[in-house]
Structures are given as structure tokens and as C-alpha cells.
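Asker: What follows is a single structure, and I will ask about it in a moment.
In our numbering, the protein residues as written are 35 to 136.
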């Protein structure tokens with residue numbers, strides 16, 4: 035009788051161990067699937083970020099010449115304004131000299 039009981043305990047232990055093995059395998063499989071999903075999401079996020087960076091670089095390349103022209107226009111505008119200030123100052127000075135008779 036003792037042997038029947040110990041045999042049934044062994045069978046139960048074997049069943050439990052195989053269920054535990056199956057459960058651990060299932061858990062491991064689920065964890066792998068979750069990890070794969072996370073890696074896929076990360077990969078998609080990286081691709082989206084790289085596309086955004088490429089679009090921004092493309093926009094910068096398109097805008098840069100206009101910005102350079104604007105800088106050039108600003109420098110020409112400053113030069114013209116400086117020339118006008120000099121001409122205006124000269125005219126005021128010459129008017130002042132002619133009025134005062136210096």
C-alpha cells in the first residue's frame with residue numbers, strides 16, 4: 035500500500051513538474067512576444083524620428099539660400115542706410131555752415 039501511495043505521489047509530482055515546465059515555457063513565450071512588440075514599437079519610433087529629422091534637414095536646405103539672401107539684403111540695406119546717413123549728415127552740416135557763414 036505504501037508503494038501505491040508513493041507511486042501516485044511520483045506521478046503527481048511528474049505531472050506538476052511538466053505543468054510547471056509548460057507554464058514556465060508559456061510565460062517565457064509571452065515575455066518574448068511582449069519584448070518583440072516593444073522592439074517593434076521602438077523601431078517604428080526611431081524610423082519616425084529619423085524621417086522627421088530628414089524632413090527638417092530638407093526644409094533647412096530649402097530655406098538656407100533664402101536666409102543667406104536675406105542676410106545679404108540686410109547687409110546691402112545697412113550699407114545704403116549708412117550712406118544715406120552720411121549724405122544727410124553732410125547736407126545738414128553744409129546747410130549749417132552756409133547759414134552761419136563759417
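For glycine and all other residues, C-beta sits at the position ideal for the given N, C-alpha and C.
These figures come from a predicted structure and were not determined experimentally.
#1: Between which residues of its own chain and residue 66 is the CB-CB distance below 7 Å, once the five residues before and five after are set aside?
#2: Rounded to whole angstroms, what is the Cα-Cα separation between residue 122 and residue 95?
#3: Please report the straight-line C-alpha distance between residue 105 and residue 83, rounded to a whole angstrom.
Answerer: Let me spell this out:
#1: Position 32 of the chain shown, counting from 1, holds the residue named residue 66. So the list is empty, once near-sequence residues are dropped.
#2: Along the chain shown, read from residue 1 onward, the residue named residue 122 stands at position 88. Along the chain shown, read from residue 1 onward, the residue named residue 95 stands at position 61. Using only the alpha carbons, I get a separation of about 41 Å.
#3: In the chain shown, the residue the question calls residue 105 occupies position 71. In the chain shown, the residue the question calls residue 83 occupies position 49. Between residue 105 and residue 83, the C-alpha separation is close to 31 Å.
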